[in-house]
Amino acid sequence: MTLTGPGSQDARERADVLARALPYLRRYAGDTLVVKYGGSAMVDTSLSDAFGHDVALLKQVGINPVIVHGGGPQISAMLKRLQIESTFIDGLRVTDAAMIDVIEMVLAGKVNKQVAGLINRAGALAVGISGMDGGLISARRLERRARENGVETDRLLDLGFVGEPTRIDPRVIYALSGSGLIPVIAPVGSGENGETYNINADTAAGAIAGAVNASRLLMLTDVPGVLDENGNLIPELTAEDARRGIASGMISGGMIPKVETCLAAVKAGAKAAVILDGRVPHACLLELFTEAGLGTIIRAG
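Note that full-length UniProt numbering gives residue 200 to position 200 of the sequence shown, counting from 1, and the numbers run on in steps of one.
This is the structure we're talking about:
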């Protein structure tokens, strides 16, 4: 006979997990956490369902999660359906006037409501908004210089309506969080003349985390975190360590902009930023509520 009552092994293990998590629950009680949601965690059904439940749990135990989501694959699929060709420069989608309308429709419409729906179905109350709402994200056109033979030149690239945040007004975030709601934010921002800019989700999440002085910025990616020269996970880096890692080439490729986003976030006011593997079920809970954590944490000091 298998025991499943309160005295069973399974029940005791569950109680032990809760007891171990209690100090961390106390640590983050009342804090704001910003989570950048994207990659495999967003397109794998089992991972996305787990993510929705994890975010709902964070809210229910007194933590204030703020979600900033991407949507690159969904945008690409819609552009393909509309027979609009995409061009990328340094990983950024060149965005003309026709394309920005599609991007806004997909990010602030379909994807935004899907992410909010995951959390709502898990038992919390999430509200989907974009950076255009409440003046949340003011933006300007992103400037990038062309490179020739690996060397940056003076020639500016025309990326169209690709933007970068110039100012974050967090009042709408505070209003929603203070009312028991979870903000789910699509990364589009407003220019000084009312034009819409498409903003990289990592960049938007970092700027928001700094503006709200988040206890943690959690960057869900498709890699374990920052790796050393031998491919081993580095659990913790100071800001200075991270800058040295970029300069030495240990941190390279697509990891550089993610680390730079984390550095910008802690410089602007976030207490710490973490790059972690969103392919691991319950990645956010494992990072927050276990001693070892899951990814690479970057601190200001």
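Virtual Cβ for every residue (Gly too), placed ideally from N, Cα, C.
Computed from a predicted structure; not experimentally measured.
Would Met-1 be called buried (16 or more neighbouring beta carbons within 10 Å of its own) or exposed?
Its pLDDT being 41, under 50, Met-1 is placed unreliably by the model, and nothing is read from it.
Straight-line CA distance for Lys-272 to Gly-117?
Here residue 272 is Ala; the residue named in the question, Lys, does not match the sequence. Answer to the nearest angstrom: the Cα atoms are 28 Å apart.
Should the stretch 123 to 133 be called in touch with the stretch 174 to 183, which here means at least 3 C-beta pairs below 8 Å?
Enough Cβ pairs lie closer than 8 Å, so yes.
Note down, in chain order, each residue of its chain lying with its Cβ closer than 7 Å to the Cβ of Ser-86, except the 5 sequence neighbours on either side.
Cβ neighbours of Ser-86 beyond the five flanking positions: Ser-76, Leu-79, Arg-93.
Report the three-state DSSP secondary structure of Met-1 (helix, strand or coil).
In this predicted model, Met-1 has a pLDDT of only 41, less than 50, meaning its place in the structure is not dependable; the value taken from the coordinates is given anyway. Met-1 falls in the coil class under three-state DSSP.
Quick check: what's the CA-CA separation for Asn-112 versus Val-106?
Taking the straight line from one Cα to the other gives about 8 Å.
In this structure, does DSSP put Lys-271 in helix, strand or coil?
Three-state DSSP puts Lys-271 in coil, outside helix and strand.
Excluding five sequence neighbours on each side, which residues of the same chain lie with their C-beta closer than 7 Å to the C-beta of Arg-140?
Hits under 7 Å: Gly-163, Glu-164, Thr-166, Gly-191.
Can you find at least 3 beta carbon pairs, one from the stretch 60 to 68 and one from the stretch 93 to 102, that sit closer than 8 Å?
Counting Cβ pairs under 8 Å, fewer than three are found: no touch.
In terms of alpha-carbon separation, which member of Ile-168, Leu-142, Pro-170, Ala-205 lies closest to Asp-158?
Of the listed residues, the one whose Cα sits closest to Asp-158 is Leu-142.
Please report the distance separating the alpha-carbon of Ala-283 from that of Ala-56.
Between Ala-283 and Ala-56, the C-alpha separation is close to 14 Å.
Between Ile-100 and the rest of its own chain, which residues show a CB-CB distance below 7 Å, the 5 nearest in sequence each way excluded?
Closer than 7 Å at the Cβ level, and outside the excluded window around Ile-100, lie Phe-161, Thr-196, Asn-198.
According to DSSP, simplified to helix, strand and coil, what is Ala-139?
Looking at Ala-139 - three-state DSSP - the assignment turns out to be strand.
Who pairs with Ser-190 in a beta bridge, going by DSSP?
Paired residues: Ser-138, Thr-196.
I need the straight-line Cα distance from Gly-70 to Pro-187, nearest angstrom please.
Computed Cα separation, rounded: 7 Å.
What residue from Met-42, Asp-54, Gly-231 has the CA that sits closest to Phe-289's CA?
Answer by Cα proximity: Asp-54.
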